[in-house]
Amino acid sequence: MATLQDTMAKQIPALRDDVKEFLKAHGEDVVGKVTLSQVYGGMRGVRGAVCDTSSVEPDKGLIIRGIPVKDLTDRLPEEIFWLLCTGSMPDEGSLHSLQMDLKKRAKVPDYVWKVLEAMPKDSHPMCMFDTAILCMERESVFRKRYDEGMKKDDYWVATLEDALNIIAVLPAIAAGVYRLRFEKGPRINSDPNLDWSADYVHMLGIPDPSGDFARLMRLYLVLHSDHESGNVSAFSSATVNSALSDLYYALSAGLNGLAGPLHGLANQECLAWVLETRKKFNGVPTNEQLEKYAWETLQSGKVVPGYGHAVLRITDPRFDAFLDFGKKYCAKDEAFQIVAKVFDVVPNVLKQVQKIKDPWPNVDAGSGALLYKYGLTEFSYYTVLFSVSRALGICSQAVIARAMGYPIVRPKSSTTDWLKKTLQSAPVPA
Ligand code: HAX
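According to my numbering, the sequence shown is numbered sequentially starting from 28.
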């Protein structure tokens, strides 16, 4: 049995030496080219950052530390956090030590509830969740130790402290946001005998006699945990943390990006589209009706939520995992049946729109219907679930970045004038 702190402390010196040597040997080698379309296109595909926790290749999907996500679907989120941080699975004793450590840190400061209670009643749950994280910044171990003159070599130790302190309280905060925002009654206390995910389900207070909702949530929290570092939320967090703004600042910054409809909010929009479909057709539509409706959505200038991806060019394996879950546990549910039917019909529609590079479902296409089925019907809350999970990836990435001593992020931007002059592709306006 080893603690996460000790395990990482043993690994880090060798990892630092390895990258130092690598840079010495290949520091000036070219990794790739950048085209003008990429410069104007959100840097899509530009290899400009390092992320060792996970990778997302267009034809493979999410791979966490060398393990395809489909092989991790029966794991606990705590195991995934260990895997993200260290590159291997914890043994039973190590997992237990991490779980106990998180339990010790799980008390939410009282002022957090006061801040949340003072927010307007119609605040978006994501705004409440991110505000709660940000207002806890005064708890940052990193900031205190930095102010005391901490050495750079120790940045990761303090960042890991912040990461564990944050991860420990997220389920209670997220559940508290749910109960407050949707008037579900008083907060439910944590149950010290439950694991991180089961305790979250317990504190949400949604009846779960079969235990299937808890099973779904465990899967959900594993599947959304990480997606390399180029996506809006991870990249924003990494950028903020690279300025040595502590994890409270960095995580809330990243999750503010997750709140956007083209990113994590898509799961809420996706379920809305599924439910609208059900209402419009008074149940599960035929393939022909669905095809027509998908075209109508596109022609009205809207995206079909849950479809397409900036990197992937296959069905997202995380969608497959949700589809498998739905087939096993809720095959008769109408909303789930629509999700399955959309998967049969919509890719063929999107393939006919030339500009769409990926016609396949992403992680958000199916999860909402499953959550809805188990009674989590407030879909503006779904991105909070996503955030609780994605915090595992963002926090582990920050710990590793500080352990490796990566510098402040600062890519170069160009003016259109400069680009035109340089490429000589168009006359530069006087
Ligand atoms: N429906 C309609 N149009 C789509 C589309 C879809 N599902 N997917 C892409 N397009 C459009 C884009 O809007 C873009 O149009 P414009 O040039 O007119 O702006 C064009 O096709 C090219 O886009 P792309 O290169 O294929 O995709 P991007 O890398 O630019 O964007 C997105 C990737 C995920 C943002 C995009 O596919 C999309 O908006 N999908 C729907 C929203 C969604 O499901 N988002 C969640 C993604 C997963 C995630 O991050 N979860 O957190």
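Ideal placement from N, C-alpha and C gives every residue a C-beta, glycine not left out.
Separation of residue j from residue i, as counted between CA atoms
| i | j | result |
| --- | --- | --- |
| P344 | R92 | 16 Å |
| T21 | G395 | As displayed, the chain neither begins before 28 nor continues past 457, which places residue 21 out of reach and without an answer. |
| R132 | W300 | 39 Å |
| Q126 | A195 | 9 Å |
| L446 | A261 | 28 Å |
| A457 | S440 | Here the model assigns A457 a pLDDT of 49, short of 50, so the residue's position is not dependable, and the following value carries that caveat. The straight-line gap from Cα to Cα measures roughly 21 Å. |
| F9 | G59 | This structure cannot speak to residue 9, because the chain is shown only from 28 to 457. |
| R74 | K141 | 43 Å |
| N389 | L292 | 13 Å |
| S167 | T304 | 46 Å |
| R340 | D86 | 6 Å |
| L302 | S237 | 24 Å |
| F209 | E405 | 8 Å |
| S407 | G232 | 17 Å |
| F156 | I200 | 7 Å |
Backbone secondary structure at residue i - three-state DSSP
| i | result |
| --- | --- |
| V83 | strand |
| T34 | helix |
| P434 | coil |
| P388 | strand |
| Y67 | helix |
| Y334 | strand |
| L42 | helix |
| P198 | helix |
| P147 | coil |
| P374 | helix |
| I94 | strand |
| A358 | coil |
| F209 | coil |
| A241 | helix |
| Q379 | coil |
| A29 | coil |
| A418 | helix |
| V426 | helix |
| D351 | helix |
| N216 | coil |
| Y401 | coil |
| K178 | coil |
| R340 | coil |
Limits of the unbroken beta strand (DSSP E) element including residue i
| i | result |
| --- | --- |
| L89 | 88-91 |
Residue i - containing alpha helix (DSSP H), residue span
| i | result |
| --- | --- |
| T442 | It is not in any alpha helix (DSSP H) - T442 carries neither H nor E in the DSSP assignment. |
| H123 | 119-131 |
| T100 | Where T100 is concerned, there is no enclosing alpha helix (DSSP H), given that its DSSP letter is neither H nor E. |
| Q451 | No alpha helix (DSSP H) contains Q451, which DSSP labels as neither H nor E. |
| C154 | 152-162 |
| R170 | 168-174 |
| F262 | 259-269 |
| C78 | Looking at the DSSP string, C78 is not in any alpha helix (DSSP H), and its letter there is neither H nor E. |
| E323 | 314-326 |
| V473 | Nothing can be reported for residue 473: it is not among the residues displayed for the chain, which extend from 28 to 457. |
| V311 | Careful: V311 lies outside any alpha helix (DSSP H) and carries neither H nor E. |
| S279 | 274-285 |
| H229 | 223-231 |
Neighbour-count burial assignment, residue i, 16 or more Cβ in a 10 Å radius
| i | result |
| --- | --- |
| H123 | exposed |
| K47 | exposed |
| G69 | exposed |
| L289 | exposed |
| N309 | exposed |
| V455 | Confidence is the limiting factor: at V455 the pLDDT is only 49, short of 50, which leaves the residue's position unreliable and the question unanswerable from this model. |
| H53 | exposed |
| N375 | exposed |
| Y247 | buried |
| E144 | exposed |
| R429 | buried |
| L189 | Going by the sequence as given, residue 189 is Asp instead of Leu. Burial call: buried. |
Closer than 9 Å to chain B by CB, residue i
| i | result |
| --- | --- |
| V83 | Any reference to chain B falls outside this structure, which holds one protein chain only. |
Proximity test, residue i beta-carbon vs the ligand NAD heavy atom, cut-off 8 Å
| i | result |
| --- | --- |
| D239 | The ligand NAD is not part of this structure, which contains only the ligand HAX. |
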